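For reference, the structure is listed below as structure tokens.
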Amino acid sequence: MATRSRRRGGSAARRAAVANAAIVHHPEIRRGIPIMEVTNQEGVELIHDFAMRVAEEIGCDFQDQESLDYWRQTGAEIKGERVFIGRDELLELIGRIPSSYVHHARNPERTVRIGDGHAVVSPSYGAPFVRDLEGVRRYATLEDLNNLQKLNHMASTVHIAGGTIVEPVDIPVPHRHLHMAYSGLKYSDKPIIGNVTARERAEDTVDMMKIVFGEEFATNNTVTTSLINANSPLVWDETMLDALKVYAMNNQAVMCSPFSMAAASTPASNVGTVGVVLAEALMAMAMTQIIRPGAPMLFGVPAMTVALNSGAPVHGSPDSAMVQFLSSSMARHYKLPHRSILNVATSKSGDMQAAYDSMWGLFPSMLSDANWMTMAGGMLEGALTVGYGKTMIDFEQLDAFYHFLQGPDFSDIEEVFAAAKRVGPGGHFLGETHTLNSNLFIFDSQHNNSYEQWDIEGRLDSEAVGVRKARQWLNKYEAPPIDAALDEALLDYIARRTREIPDKQGAV
68 MATRSRRRGG
78 SAARRAAVAN
88 AAIVHHPEIR
98 RGIPIMEVTN
108 QEGVELIHDF
118 AMRVAEEIGC
128 DFQDQESLDY
138 WRQTGAEIKG
148 ERVFIGRDEL
158 LELIGRIPSS
168 YVHHARNPER
178 TVRIGDGHAV
188 VSPSYGAPFV
198 RDLEGVRRYA
208 TLEDLNNLQK
218 LNHMASTVHI
228 AGGTIVEPVD
238 IPVPHRHLHM
248 AYSGLKYSDK
258 PIIGNVTARE
268 RAEDTVDMMK
278 IVFGEEFATN
288 NTVTTSLINA
298 NSPLVWDETM
308 LDALKVYAMN
318 NQAVMCSPFS
328 MAAASTPASN
338 VGTVGVVLAE
348 ALMAMAMTQI
358 IRPGAPMLFG
368 VPAMTVALNS
378 GAPVHGSPDS
388 AMVQFLSSSM
398 ARHYKLPHRS
408 ILNVATSKSG
418 DMQAAYDSMW
428 GLFPSMLSDA
438 NWMTMAGGML
448 EGALTVGYGK
458 TMIDFEQLDA
468 FYHFLQGPDF
478 SDIEEVFAAA
488 KRVGPGGHFL
498 GETHTLNSNL
508 FIFDSQHNNS
518 YEQWDIEGRL
528 DSEAVGVRKA
538 RQWLNKYEAP
548 PIDAALDEAL
558 LDYIARRTRE
568 IPDKQGAV
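For the sequence shown, this note's numbering gives the first residue as 68, with consecutive numbering after it.
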């Protein structure tokens, strides 16, 4: 019995040390290993030609008169809402997009570069539900948004703040974007994601960023990156185009991401899916260069398939991984920053399926040349729910991949040889100074002790361990400093816009 007590105390002490460890913020990812390719140059050229033929012969609908007016400034052919454009002009417009850009943060130490070999990770996005600290699935609230904002702020390998980490449904839809932007600016000092669900909401985001950075700086630098989705196949609606235009006019970055579901909204083909979504994305991105040449844009696709036995969208499959790899190859072909998707699961809880689903997003994103990797942690039910427990387990996988992407370390090879010489045949390395100072990665939440110890500690599964860690992090969270006058100005802006915007304005 005494032995069991000692083990319990030792384990508790280790957990306390981990919980109280200093927060580390990793710089953006620079891959120290070769980029994985799944096709050759011939394959890239075939997909390129496919996408160009779609733009030239099939066309893409732009359901917005102002956008059609921009296209009329070019040699594009317009029939009703459908735009057709020749490949030469399309490529000329795409060539104006920078291959990388700097996304500024409220705290300059958190400012990041995106593209040209620099990659960042951003939080979950858009879920209306949470799987909370009690394991209950319910609608998300503003408190959940703020809590998850705090957790993402503390995560070492998450470089971006929200955004729509979850939808706080206790806030009226027309006012929700104001609180989302404030949450990112208040509870984190990392770069933030903008709102896209109406022109006015994008404009409010820009105005709030001007309060934070000053109008001149915010007008001439990129201080927010946002995400719009096409209504695949080959339709851009007025809402998404309005947000795209607002951000492009203001030199703010946008991820143009067709909403692909192979076998439903795109062909039941990896190559065909990439060809169609590439045409969709390139045409939207090209339009921004008519509005403001040089405005930063990203190409990317939330790769999904459809389960042909049920019709349900599926995150996490070899086919979706293939689409991610091919999309990365095409982004490099056009010298565009590339957006991918990470830890999304169709599973309903943080179980084994959730882990497998997430890994099919993790490894193609990390091993390709993706520059902006969305959905850092917690996504369940095909992105309908964010789980607190899964969020924390996903964060550890991100840290592990960050470690892996540094590549092999040869810097201490002589020191390692000296240790091997001291130990000699039949010895062990546990007591070596080099071992004690090594950089071997350890998963904080993995059960790597004995069965008996796991039994004593309550037989917790991974999700329960993640929930415990989320509680620990929230208890030790410290808000990054924010100037009191700046905070007051943001709150005054939110109060004024809340008065001005009817709370029953068109919901999106």
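C-beta: ideal position from N, C-alpha, C; glycine also.
Everything numeric in this text was worked out from a predicted model, so none of it was measured.
In the structure shown, Leu447 adopts extended strand secondary structure according to DSSP, grouped into three states. Across the structure, Glu282 and Thr208 are spaced so that their CA atoms are roughly 31 Å apart.
Secondary structure of Ser414 (DSSP, three-state): coil. Taken in chain order, the unbroken stretches of alpha helix (DSSP H) that lie wholly in the segment 497 to 534 and span 4 residues or more are 500 to 503 and 518 to 523.
At a cut-off of 3 residues, the continuous stretches assigned as beta strand (DSSP E) that sit fully inside the segment 358 to 387 are 364 to 367. Beta bridge pairing from DSSP links Arg566 with no other residue. A contact between stretches requires three or more CB pairs, one per stretch, nearer than 8 Å, and the segment 415 to 422 fails this requirement with the segment 385 to 399.
Between the alpha carbons of Ser512 and Ile549 lies a gap of roughly 32 Å. Per DSSP, the continuous alpha helix (DSSP H) segment holding Pro241 begins and ends at Val240 to Tyr254. Judged by DSSP secondary structure, Leu472 falls within the alpha helix (DSSP H) whose first and last residues are Tyr455 to Leu472. Taken through DSSP and simplified to helix, strand or coil, Gly339 comes out as helix.
Scanning its chain for C-beta atoms nearer than 6 Å, with the 5 sequence neighbours on each side dropped, one finds around Ala537 the residues Tyr455 and Met459, in chain order. Pairing Glu156 with Gly142 gives a Cβ-Cβ distance under 7 Å.
Around the CB of Gly361, fewer than 16 other CB atoms lie within 10 Å, so the residue is classed as exposed. When only Cα atoms are considered, Lys488 and Pro404 end up about 47 Å apart. For Asn288, DSSP assigns no beta-bridge partner whatsoever.
Across the structure, Phe430 and Val313 are spaced so that their CA atoms are roughly 34 Å apart. For Thr289, the closest alpha carbon among the candidates Glu524, Ile145, Gln140 and Ile181 is that of Ile181. For the options Val390, Gly491 and Ser324, the alpha carbon positioned closest to that of Gly339 is the one of Val390. Linking Ala346 to Met354 through their CA atoms gives a straight-line distance of about 12 Å. Going by C-alpha positions, Val187 is about 42 Å away from Gly494. The beta carbons of Lys257 and Ala379 sit no closer together than 7 Å. For the 7 Å CB-CB criterion, Asp466 and Ser223 form a contact.
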